[in-house]
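Written out below as structure tokens is the structure these notes cover.
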Amino acid sequence: MNPRLSGKGRFWLALTAGLLLLIVAGLVAPLSAELAIYARGLEFTILGATLITAVAFLVALPLGVLAGSGPRVVDTVLRQLCDLVGSLPSLFVAAVLWAWAGRAFTYVCALGALRGLELGWLLRSELVRLESAVPDDERRSLRRIPLAAFLRRYLPSSLGPVFASASFSVAWFVGLDAALALTGLRPVDARPSWGVLLGETANSSVTLLAASSVALLTVALHALFRPPQVNP
């Protein structure tokens with residue numbers, strides 16, 4: 009039996025994980041105030057991670073494609089932006105974005121744009137790696153073919169690492185939120201989230217529940233985003 013799940017199988021796995029978390033959240037919310045925060049944080053985490061991923065791909069796909077196959081100036085600008093963002097502590101960047109945004113929606117969109125720079129550089133690197141693997145004669149001919157034909161040949165294979173990295177959006181988002189809560193940099197009037205539970209709550213059982221939920225969603229997203237194997 010083939011151990012790889014089909015596209016439908018991966019979709020149902022992710023959907024089952026989400027429904028399971030919703031059922032658990034609905035059952036435990038009335039038991040305590042901390043569990044009520046867990047239930048409200050579930051919605052915020054799922055919506056926030058979905059928005060981050062959507063914005064990240066909107067930024068990453070055009071930037072990565074242009075940097076990997078288009079004008080060299082795009083590659084230079086993307087590299088410098090990634091170097092700039094990577095040189096700053098993520099906690100500092102998240103705190104500045106919270107102070108600048110003022111609203112959760114704007115803050116999450118800004119995080120998605122930053123995530124998009126990272127995914128865009130990853131996509132660019134994969135396109136360059138795949139192109140460099142072909143013989144020199146074929147590589148010179150690739151420079152003269154239309155962009156659409158170039159992408160049809162290399163884009164499907166180059167998206168694998170991008171999807172794998174995107175599957176960690178929930179863990180990345182919750183981890184940043186927990187660090188902000190732990191250091192007191194998260195706005196006090198911001199919406200409750202799993203990050204608050206991980207960063208401020210002393211109740212080990214609730215903290216373990218939130219951490220386990222993050223792990224479950226990450227595994228489900230990784231299974232969902234893993235693209236099918238592309239034959240060369």
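Using the numbering used here, read the sequence shown as starting at 9 and increasing by one per residue.
In this text, a Cβ means the ideal position worked out from N, Cα and C, and glycines have one as well.
- One alpha carbon belongs to Tyr115, the other to Pro164, and they sit about 31 Å apart.
- Taking C-beta atoms under 8 Å as the contact rule, Leu205 and Val214 qualify, at a distance of about 6 Å.
- Taking C-alpha positions only, Leu122 is separated from Leu96 by approximately 12 Å.
- DSSP, read as helix, strand or coil, puts Ala44 in helix.
- Secondary structure note for Ala186: its alpha helix (DSSP H) is the uninterrupted segment 177-191.
- Listed in chain order, the non-local C-beta contacts of Leu127 below 8 Å within the same chain comprise Ala64, Phe65, Val67, Ala68, Gly72, Val170, Ser173, Ala174, local neighbours out to five positions each way being set aside.
- Shortest Cα-Cα distance from Ser177 to any of Arg199, Ala75, Pro38, Cys117 involves Cys117.
- For Leu89, the enclosing alpha helix (DSSP H) stretches over residues 80-94.
- In this structure, DSSP gives Arg194 a state outside helix and strand, which the three-state scheme calls coil.
- Linking Arg132 to Ala186 through their CA atoms gives a straight-line distance of about 31 Å.
- Here DSSP, grouped into helix, strand and coil, assigns Arg111 to coil.
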